[in-house]
Structures are given as structure tokens and as C-alpha cells.
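Each number in my numbering comes from the position in the sequence shown (counting from 1) with 36 added on.
Take a look at the structure set out below.
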Amino acid sequence: MVKNFYIINYGCQMNVYDNEIIISILTKNNYSYVNDISKADIILINTCSIREKAEITVINKLIYLNSLKRTRKIYIGILGCMARRIQRFIKIKKSIIDFIVGPDNYRELPNIIKSIEDNRYFVNVLLSNEETYSNIFPSKIYNNNKVTSYVTISRGCDNMCTFCVVPFTRGRERSKSPKVIIKECEKLYNSGYKEITLLGQNVDSYLWTPENYIKKYIYNKKKAIDFSCLLEMIAKKFNDLRIRFSTSNPHDMSIKVLKIIKKYNNICKYIHLPVQSGSNRILKLMNRKYNRLEYINLIDNIRKIIPECAISYDIITGFCTEIEKDHIDTLNLMKYVVYDFGYMFMYSHREGTYSYRNLKDNVPLIVKKRRLNEIINLQREHSYKRLKGYINTVQNVLIEGISKKDKNYWYGRNSQNSLIVFKKNNENIGDYVNIKILKNTSATLIGEIIKYY
Ligand code: SAH
Ligand code: F3S
């Protein structure tokens, strides 16, 4: 019987969390997780489809693994977002892949692995309206860091941004029950974790109702728990656990949530607020459901309610029909907000999406690249400026690990999610320390310890 499995991970935080679920399911069924590929009988590849480049990386990995397959008996499984799409790569499927399992079918993995041992090729990529893996506690062996952890609060997405494959690869949005979420936080807290990040494609549309946790149905508003209630419940119950969350769609973020963030010290003062574009015309084509002015109003409200809050973004450059004026609108919006940091991408035309079916990917690559570089350069300036603002302040930092550049230094983060490095004394990973900030680059703050608390 095959026993040992290894996971190759691509993609987002949600995939990291899902790997913990997969390890939990398989180890309960007598499979062993190994972190050395040479000891594995089964190689699971958790995939990402968000941009073409992510898929090409997976295909290249498969070609490499095929050479390994010729030297010994191994089974290869494709999991995650590419599961529903991988059959497009027919030639690869037949020769290399033994099974394909979509994000909602991981409970089936033990049976599927048994059936492939009988030489049966297996595919299960059906999406579910209910699966939240609620009764499975994610295994933490995958994550060596015993300080910070993810807690998924919802799966899937109903937003249908026209460029995005997630609604097709991960299905409808469904929220996990607050009871299960709190139990998960409690377990983490009791085993010494200091920080959790609540995960969802769109955390602000979290909604749980006793009647039915699919929010589109009629529900009793009084009994329903929305994201602001959930945040408050967790913040109150674990008052020295740091809480982060990701991601907030600007369309769904409420003033109520901002007030809860302000009210509780342990909720980090940091919001990732993907804008995608600063142009009204492009936002409409993207089906983002907010316009430039509404986004700016939200930013103004954040600044008013939580002045110390850091804000980051995702921007897509070179979306279908984007002209110079749209791009300038994006740069101007960035200049208005002066973001702390951001993630910027060139538009990638994804088969199956609305924009793929209805719009032309007509911005030349060279133009996309130039616009991307302009965004990167502007952000570098803004990040530098924002970080400079911390000089001579004292920041409360949670130590996450040893600095990669110098083993005599720790790295950690403040509430605003800025990366801070400082010289080690006798601290431990997981300690909170107060750091006086002395210097900065455009990505890091450098400081020294002033006291423990
Ligand atoms: N709900 C998640 C979305 C995950 S996708 C979130 O809001 O974070 C993460 C980011 O990838 C998106 O915000 C978007 O900026 C980018 N992205 C999504 N589809 C893309 C595409 N087709 N081309 C380029 N970037 C894309
Ligand atoms: Fe994608 Fe938009 Fe949802 S970016 S994950 S469809 S909020």
C-alpha cells in the first residue's frame, strides 16, 4: 500500500490552509505526510489558475515530475484551482497525472488514492454549495511557524469580477459557522499561536444564518452573523490574539467593520483593499460594483475612523481596452491614497471568464509592462515615504523568525503589517517587543529593542 505523500504548493493563502485540511484528512486515514519528495509515493500538487503564468509553472513542474516517474513508482494528483481546467492539457493528463481533485472534494482523497492503486484513473472536480470542511481541524505540521496561522471563514466567491476565474474554480460563496471558527481559533490560541488571519475571497460578505448559510436565501437578520459581528466575537474572546483578515472587496466593506477594527486593540490596523483600477470606465468593465469616488470615500472613512491604519491594494494593469487616460487615473488614485504597499499584476486573459468571452485582450504586452513598471516605481516611492513616517516612533512587534539576511537579527511585524528587523538579545519567536525605529528602506523598518512587556 502506498503511504507517504508530499505536497507541492502553488497559489494563495487559501491553498496553504487547504493543504493543512488535506494533511489532516490523509493522516487520519493512515497516510503519512513527508517533507522530502524523495520519500514520497504520492505527490499532490495544489494549483493556482489566477494568471496564465501560474498555470504554466504547474505544467512545467509536471513535465519535470514525469522524468521522476520513470525512475520509480509514484502517483501524481492535481488539486486546487487548476483541477477543473487541467483536462485542457490532455496530453499531459494521460501520461503524467493519476488523479484530479477539485477544492471541494478533498474528503474523497483517501478513497481516490485507494482506487488509483487499482490502476483506475480518477477525476472529481465537482463544486459544492455547502462544503466548508467544518468538522476538520487543519493539521499544523505543514506550517513550521508556530506563531501565525490562517483560519478560513468562507470559501468561493459570488462577485463575478469579469477578469477572475475564482468563481469558476472555487464555486459559490459559503460561510463557515461562527462556532466552528471560534473553536478553531481557540485550539490555535491554546497551543500558543499569537496571530491569526481570517481568510476568504471576500471576507466582508461573510454571513452566517441559522436557517441556511448560503446568504442569497432569505434569512432572519436578527439572528444572522455578519463579518463585523464575527470579528468582534473573536476579538473579545481572545483579547491578546492578534487578528488580521484578507481580502476585503471595497464594495462590501462597511463602516461597522471599520468601527470594530478601531475598537479592539488586538485587531490589526491594516486593510488590504484591492482597487484593481482607478478608472471608472475600467471598474465598470471589470464589474467591480464600486466607482472611483465610492472607493475614495471608503479610503477617507478609513483615514477618519482609523487614522493609524495601513492600506494596501491589488492593481491589474493593461485590462481589456485600457487606454493611457485610464492608466493615468490609476496613478492619480495611487497618489491620492499613498498606499503602504501593494500587489500589481499585468492582465492575463483567462478562458471562461466574462472578459475572455466578451472583450479583447488588446493592450500590447510592451504597454502592459511599461504601465506596470510605472505603478511599481510609484509604489516604491510611496512605500518609502510611508515607512519613513515610522522613524523615531515605537512599534509593538510580534517576533516571527530569524532574519534571512542576518542570523543575528529577528524579523517581525507591527499591527500595520510593516516588516521590522532588529538585533537579537534573549528573546524568543512569538514574543512581543517594543522597537524604536531608526532607519527604513522601501520595504523594511530597522530598529532596536527598547523594552519587553
Ligand atoms: N478575492 C481575492 C481575489 C483573489 S485574486 C482578493 O480580492 O484578493 C488576487 C488578485 O489577483 C486580484 O485581486 C487581482 O488583482 C489579481 N487577478 C485576478 N485575476 C486576474 C487576471 N485575470 N489577470 C491579472 N490579475 C488578476
Ligand atoms: Fe475574484 Fe472578484 Fe471574487 S477578484 S475572487 S471574483 S471578488
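Even glycine gets a Cβ: it sits at the ideal position worked out from N, Cα and C.
Grab the span of the beta strand (DSSP E) containing residue i for me, first residue to last.
i: Ile438; result: Val430 to Ile438
i: Phe458; result: Leu455 to Lys459
i: Thr107; result: Where Thr107 is concerned, there is no enclosing beta strand (DSSP E), given that its DSSP letter is neither H nor E.
i: Ile79; result: Ile78 to Thr83
i: Thr233; result: Glu231 to Leu235
i: Leu277; result: Segment: none, Leu277 is in no beta strand (DSSP E) and carries neither H nor E.
i: Lys75; result: It is not in any beta strand (DSSP E) - Lys75 carries neither H nor E in the DSSP assignment.
i: Ile44; result: Asn40 to Asn45
i: Ile35; result: Nothing in the structure corresponds to residue 35, since the chain is present only between 37 and 489.
i: Arg449; result: Tyr445 to Arg449
i: Tyr300; result: Taken as a continuous stretch (DSSP letters only), Tyr300 belongs to no beta strand (DSSP E), as it is neither H nor E.
i: Tyr392; result: Unbroken run through Tyr392 is the alpha helix (DSSP H), Tyr390 to Asn394; no beta strand (DSSP E).
i: His308; result: Tyr306 to His308
Closer than 8 Å: is that where the CB of residue i sits relative to any heavy atom of the ligand SAH?
i: His418; result: no
i: Phe381; result: yes
i: Ser241; result: no
i: Gln312; result: yes
i: Ile189; result: no
i: Ile307; result: no
i: Phe199; result: yes
i: Thr389; result: yes
i: Ser348; result: no
i: Ile92; result: no
i: Ser384; result: yes
i: Ile412; result: no
i: Ile318; result: no
i: Ile352; result: yes
i: Ile43; result: no
i: Ser227; result: no
i: Arg87; result: yes
i: Ser282; result: yes
Following a CB-centred definition, is residue i positioned closer than 8 Å to any heavy atom of the ligand F3S?
i: Val202; result: yes
i: Pro246; result: no
i: Gln431; result: no
i: Gly394; result: It should be noted that the sequence gives Asn, not Gly, for residue 394. It does not: the Cβ of Asn394 is nowhere closer than 8 Å to a heavy atom of the ligand F3S.
i: Asn285; result: yes
i: Met196; result: yes
i: Gln49; result: no
i: Cys508; result: It is not possible to answer for residue 508, since the shown part of the chain is limited to 37 through 489.
i: Lys238; result: The residue you asked about is not Lys; residue 238 is Asn in the sequence shown. Yes.
So the alpha helix (DSSP H) residue i belongs to, where does it begin and stop?
i: Val202; result: Val202 to Arg206
i: Ile57; result: Gln49 to Lys64
i: Ser4; result: An answer regarding residue 4 cannot be provided, because it is not within the stretch 37 to 489 covered by the chain.
i: Val403; result: Leu401 to Lys424
i: Tyr67; result: Taken as a continuous stretch (DSSP letters only), Tyr67 belongs to no alpha helix (DSSP H), as it is neither H nor E.
i: Tyr178; result: Where Tyr178 is concerned, there is no enclosing alpha helix (DSSP H), given that its DSSP letter is neither H nor E.
i: Ser225; result: Here residue 225 turns out to be Tyr, not Ser, going by the sequence shown. First-last of the alpha helix (DSSP H) with Tyr225: Pro214 to Asn226.
Original post:
Quick check: the segment 230 to 239 against the segment 188 to 195, are there 3 or more CB pairs under 8 Å?
Top reply: Verdict: yes, contact present.
Subject >> Contiguous alpha helix (DSSP H) assignments of at least 4 residues, all confined to the segment 113 to 165 >> reply: 126 to 132 and 145 to 153, all fully within the segment 113 to 165.
Subject >> Contained beta strand (DSSP E) runs [length at least 3] in the segment 310 to 378, N- to C-terminal order >> reply: Correct list: 346 to 353.
Subject >> Touch test, the segment 63 to 71 against the segment 82 to 101, Cβ-Cβ under 8 Å, three pairs minimum >> reply: No, the segment 63 to 71 does not touch the segment 82 to 101.
**OP:** Give a yes or no on contact between the segment 317 to 336 and the segment 266 to 282, applying the rule of three or more CB pairs nearer than 8 Å.
**Re:** Below 8 Å, too few C-beta pairs join the segment 317 to 336 and the segment 266 to 282 to call them touching: fewer than three.
**OP:** Count the CB pairs spanning the segment 191 to 209 and the segment 115 to 125 that are closer than 8 Å, and state whether there are at least three.
**Re:** Three or more Cβ pairs closer than 8 Å define a contact, and the segment 191 to 209 meets that threshold against the segment 115 to 125.
Original post:
Taking contact to mean at least 3 C-beta pairs separated by less than 8 Å, is the segment 208 to 228 in contact with the segment 285 to 301?
Top reply: No, they do not touch.
Original post:
How about the segment 381 to 400 and the segment 190 to 200: do they share at least three Cβ pairs that are nearer than 8 Å?
Top reply: A contact exists between the segment 381 to 400 and the segment 190 to 200.
**OP:** Determine, using beta-carbon pairs with one atom in the segment 395 to 403 and one in the segment 449 to 465, whether at least three such pairs fall under 8 Å.
**Re:** Short answer: they don't touch.
Original post:
How about the segment 423 to 443 and the segment 470 to 485: do they share at least three Cβ pairs that are nearer than 8 Å?
Top reply: Contact between the segment 423 to 443 and the segment 470 to 485 is present, because at least three Cβ pairs lie under 8 Å.
Subject >> Given 8 Å, three or more beta-carbon pairs between the segment 155 to 173 and the segment 405 to 412 >> reply: By the Cβ test, the segment 155 to 173 is not in contact with the segment 405 to 412, since fewer than three Cβ pairs between them sit closer than 8 Å.
Subject >> Stretch-stretch touch, CB-based, cutoff 8 Å, three pairs: the segment 335 to 349 with the segment 370 to 377 >> reply: Yes, the segment 335 to 349 is in contact with the segment 370 to 377.
Subject >> Stretch-stretch touch, CB-based, cutoff 8 Å, three pairs: the segment 346 to 366 with the segment 301 to 316 >> reply: Yes, since at least three Cβ pairs between the segment 346 to 366 and the segment 301 to 316 fall closer than 8 Å, the two stretches touch.
Original post:
Would you say the segment 92 to 112 touches the segment 132 to 149, given that touching needs at least three Cβ pairs under 8 Å?
Top reply: Judged by pairs of C-beta atoms under 8 Å, the segment 92 to 112 touches the segment 132 to 149, as three or more such pairs exist.
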